[in-house]
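Enquirer: The sequence shown begins at 54 in the numbering used here and counts up one residue at a time.
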Amino acid sequence: MQKSNKEIVELLRKVVVVYKIEKKELFRTAAYENAADAIELLDKELFEIWKRGELSSVEGLGETIRGHIIELFEKGSSEFIDRQLSKVPETVFILTRVPKVGPIKAFKLVNAFNLMDTNTVIKKLKYLCEKHKISELPGFGAQSEKVLTESLKQFEAADKSPDRIPYDYAKTVADDLVKYLQHFKGVEQVDILGSLRRKAQTIGDIDIAVVAQEKVAMEIVKHFVSYPKKISVDNAGDSKASIILPPKLRIDLRVHPRTAYGALLQYFTGSKAHNIKLREYALGKGYSLNEYGLKNMRNLNEPIKTFDTEEKLYNFLGLRYIEPEERTGGDEVERAIIRTKN
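1. Can you tell me whether S204 is buried or exposed, with buried defined as 16 or more other CB within 10 angstroms of its CB?
2. For E143 and I273, I'd like the C-alpha separation in whole angstroms.
3. Quickly, what does DSSP pair P219 with across the bridge? List them, please.
4. Measuring CB to CB, does T278 end up less than 8 Å from L94?
5. On the three-state DSSP scale, how would you describe D90?
6. Need the endpoints of the beta strand (DSSP E) that H309 sits in, please.
7. If you draw a straight line from the alpha carbon of E78 to that of V71, how long is it in whole angstroms?
8. Using 10 angstroms around the beta-carbon of N328, count the other beta-carbons present and answer buried if the total reaches 16, otherwise exposed.
9. According to DSSP, is V226 part of a helix, a strand, or is it coil?
10. May I ask which residues mark the beginning and end of the alpha helix (DSSP H) holding L148?
11. Have a look at G323 and L370 and give me their C-alpha separation to the nearest angstrom.
12. Could you pull out every unbroken alpha helix (DSSP H) segment of at least 4 residues lying fully inside the segment 122-210, listed in chain order?
13. Using the Cα positions of E209 and E333, report the straight-line distance between them to the nearest angstrom.
14. Looking at C-alpha atoms only, which residue of F80, V386, K153 and Q254 is the closest neighbour of A335?
15. Give the range of the beta strand (DSSP E) segment to which K283 is assigned.
16. How big is the Cα-Cα spacing for R217 and T255?
17. At the level of alpha carbons, what is the spacing between A270 and S139?
18. Does the distance from the C-beta atom of A165 to that of T149 stay below 8 Å?
19. Classify H236 as buried or exposed, calling it buried when 16 or more other Cβ atoms lie within 10 Å of its own Cβ.
20. DSSP puts I245 in a beta bridge; with which residues?
21. Buried or exposed for R251, going by 16 or more other Cβ atoms inside 10 Å?
22. Quick check: what's the CA-CA separation for V69 versus S197?
23. Please go through the same chain and pick out, in chain order, the residues whose beta-carbon is closer than 7 Å to the beta-carbon of L168, but skip the five residues on each side of it.
24. Taking a contact to mean a Cβ-Cβ separation below 8 Å, would you say K365 touches G346 in this structure?
25. Please report the distance separating the alpha-carbon of I187 from that of S292.
Shown next as structure tokens:
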């Protein structure tokens with residue numbers, strides 16, 4: 054029976070949740086996480102690969118997990134996976150999609166308050182927070198209750214409006230990702246871009262940039278697409294990647310060298326209207342501006358001028374640094390012109 058890559062990944066990630074609750078050996082948990090990651094990165098359906106007899110050629114799938122997948126294709130289900138998932142109520146898997154709620158915490162909450170209805174689990178948990186019942190649980194407390202209350206609000210808001218999400222929710226998600234990336238070898242700097250950096254009230258996608266040498270870019274991309282909270286990988290290249298987080302939040306990553314980082318930071322912070330105004334201003338000074346730097350239009354043979362910081366880019370154009378929140382496409386460029394006294 055055919056099952057999509059997305060369906061198989063979801064099953065494997067649920068096994069990971071169960072293993073984390075049971076505190077299984079790390080290598081067992083990692084095996085299922087790695088398998089899910091490997092399948093997400095495939096550009097072909099695993100079912101078609103299996104039909105051609107080439108399942109063993111897929112890297113990241115151990116013999117045991119391949120066996121479970123073959124059983125899924127042949128019978129429509131896997132006895133082992135079904136047995137693992139039966140150990141944990143479905144509501145636990147729902148709660149692990151809430152920011153800052155891991156498998157163990159989700160399992161404790163579900164069992165402590167008998168939260169077995171998938172349709173009402175979020176609503177009931179919000180009510181329990183309002184009545185300060187969470188703080189009474191061993192290992193939780195008032196601060197945990199406060200954090201959970203905010204996480205539930207953010208999750209609900211994002212779930213109701215998947216196209217645009219509130220700033221606070223997006224900031225929480227982005228900050229967690231920044232921390233995840235900052236500690237990886239070779240990462241020199243991490244920045245949030247786009248409307249989130251401009252502190253817009255609602256956010257569409259989240260854009261993140263990393264400063265790193267080209268030789269480690271691919272390893273950073275692999276680390277990014279292995280982010281435990283993702284629900285899928287949209288694409289992954291040598292220096293760029295996109296993942297999807299619950300409920301349907303897209304995160305785009307760009308890895309860039311330090312030398313040209315300033316122009317990239319400026320370009321992808323926006324807004325579009327601000328960038329148009331800035332490009333027009335730069336053209337008036339004889340330069341074409343893009344995400345890589347400034348091209349001298351009076352001497353096309355001259356190498357593109359790069360900047361390692363935004364400040365240097367703005368200053369080169371005779372402008373004071375314009376804060377991201379000010380980049381609206383109004384008169385901020387004109388107001389930023391550095392006037393020289395005669």
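In this text, a Cβ means the ideal position worked out from N, Cα and C, and glycines have one as well.
Expert: In brief:
1. One-based indexing of the sequence shown puts residue 204 at position 151. So S204 ends up on the buried side.
2. Taking the sequence shown and counting its residues from 1, one reaches residue 143 at position 90. Taking the sequence shown and counting its residues from 1, one reaches residue 273 at position 220. A direct Cα-to-Cα measurement between E143 and I273 gives close to 33 Å.
3. As a first step, residue 219 must be located in the sequence shown, where it is residue number 166. The partner list for P219 (beta bridge, DSSP) reads T255.
4. Walking along the sequence shown from the start, residue 278 turns up at place 225. Walking along the sequence shown from the start, residue 94 turns up at place 41. What sits at residue 278 in the sequence shown is Val, not Thr. It is a contact, given that the beta carbons lie within the stated cut-off.
5. Here residue 90 refers to the residue found at position 37 when the sequence shown is read from its first residue. Here D90 sits in helix by DSSP.
6. Taking the first residue of the sequence shown as position 1, residue 309 is located at position 256. Run containing H309: L302 to H309, per the beta strand (DSSP E) assignment.
7. Here residue 78 corresponds to residue number 25 of the sequence shown, with the count starting at 1. Here residue 71 corresponds to residue number 18 of the sequence shown, with the count starting at 1. So the two alpha carbons sit approximately 12 Å from each other.
8. Within the sequence shown, residue 328 is the residue found at index 275, counting from 1. Answer is buried; the Cβ neighbour count reaches 16.
9. Sequence index remark: in the sequence shown, residue 226 carries index 173 (1-based). The answer is helix: DSSP assigns V226 an H, G or I state.
10. The residue given as residue 148 occupies position 95 in the sequence shown. That run of the alpha helix (DSSP H) goes E143 to L148.
11. In the sequence shown, the residue the question calls residue 323 occupies position 270. In the sequence shown, the residue the question calls residue 370 occupies position 317. Going by the C-alpha atoms only, they are around 17 Å apart.
12. Unbroken alpha helix (DSSP H) stretches of 4 residues or longer found wholly inside the segment 122-210: 132-138, 143-148, 156-166 and 174-183, given in chain order.
13. For the purposes of this step, residue 209 is taken as residue 156 along the sequence shown, with counting starting at 1. For the purposes of this step, residue 333 is taken as residue 280 along the sequence shown, with counting starting at 1. Roughly 42 Å separates the two Cα atoms.
14. What you label residue 335 is simply residue 282 of the sequence shown in a count that begins at 1. Answer by Cα proximity: V386.
15. Reading the sequence shown from its first residue, position 230 is the one you call residue 283. No beta strand (DSSP E) holds K283; DSSP gives it neither H nor E.
16. For the purposes of this step, residue 217 is taken as the residue at position 164 of the sequence shown. For the purposes of this step, residue 255 is taken as the residue at position 202 of the sequence shown. The straight-line gap from Cα to Cα measures roughly 6 Å.
17. Reading the sequence shown from its first residue, position 217 is the one you call residue 270. Reading the sequence shown from its first residue, position 86 is the one you call residue 139. Rounded to the nearest whole angstrom, the CA to CA distance from A270 to S139 is 40 Å.
18. By 1-based counting over the sequence shown, the position of residue 165 is 112. By 1-based counting over the sequence shown, the position of residue 149 is 96. No.
19. Counted from its first residue, the sequence shown places residue 236 at position 183. It counts as exposed.
20. Residue mapping note: residue 245 aligns to position 192 of the sequence shown, counting from 1. Partner(s): I261.
21. Stepping through the sequence shown from its first residue, residue 251 is reached at position 198. Its Cβ being crowded by 16 or more others within 10 Å, R251 is buried.
22. Looking up residue 69 in the sequence shown gives position 16. Looking up residue 197 in the sequence shown gives position 144. Computed Cα separation, rounded: 24 Å.
23. For this step, residue 168 is matched to residue 115 along the sequence shown. Closer than 7 Å at Cβ, skipping near neighbours: T144, L162, V174, K177 and L178.
24. Walking along the sequence shown from the start, residue 365 turns up at place 312. Walking along the sequence shown from the start, residue 346 turns up at place 293. In this structure, G346 does not lie closer than 8 Å to K365 by Cβ.
25. If you number the sequence shown from 1, residue 187 lands on position 134. If you number the sequence shown from 1, residue 292 lands on position 239. Cα to Cα, the separation comes out at about 43 Å.
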